[in-house]
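Undergrad:
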Amino acid sequence: MRFAVFLACLIQAITSASKANGDTPQNLFADNAVWIHWPFALFWLYIGITAAWKGVE
0 MRFAVFLACL IQAITSASKA NGDTPQNLFA DNAVWIHWPF ALFWLYIGIT AAWKGVE
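The sequence shown begins at 0 in numbering that gives the first Met the number 0 and counts up one residue at a time.
(1) T14: which of P38, R1, K53 sits nearest, CA to CA?
(2) Between A50 and C8, how many whole angstroms is the CB-CB distance? I'm expecting something under 8 Å.
(3) What first and last residue would you give for the alpha helix (DSSP H) that runs through G47?
(4) Which residues in the same chain as M0 place their Cβ atom closer than 6 Å to its Cβ, once the five residues preceding and following it in sequence are excluded?
(5) Using only the alpha-carbon positions, how far apart do G47 and I35 sit?
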């Protein structure tokens, strides 16, 4: 269960980061990047790491 939750959160973090940079690595820190998606990406990454470390109930 830990691995499944971690994987789901990791996929969501990658999706949020992809939305933030316009789906291309060249625009990662571009001026037109949608910065609102970065906190969500970090949030999902944090939740995934916490779930993998402490487990889920």
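Every residue gets a Cβ at the ideal spot worked out from N, C-alpha and C, and that includes glycine.
Source: prediction; values computed, not measured.
TA: Per the coordinate set shown:
(1) The sequence position of residue 14 within the sequence shown is 15, counting from 1. With distances taken between Cα atoms, T14 lies closest to P38.
(2) To locate residue 50, count along the sequence shown from 1; it is residue 51. To locate residue 8, count along the sequence shown from 1; it is residue 9. Sure, about 7 Å apart at Cβ, within 8 Å.
(3) By one-based count along the sequence shown, residue 47 stands at place 48. Per DSSP, G47 belongs to the alpha helix (DSSP H) from 36-53.
(4) Position 1 of the sequence shown holds residue 0. V55, listed in sequence order.
(5) Within the sequence shown, the letter at position 48 stands for residue 47. Within the sequence shown, the letter at position 36 stands for residue 35. Taking the straight line from one Cα to the other gives about 20 Å.
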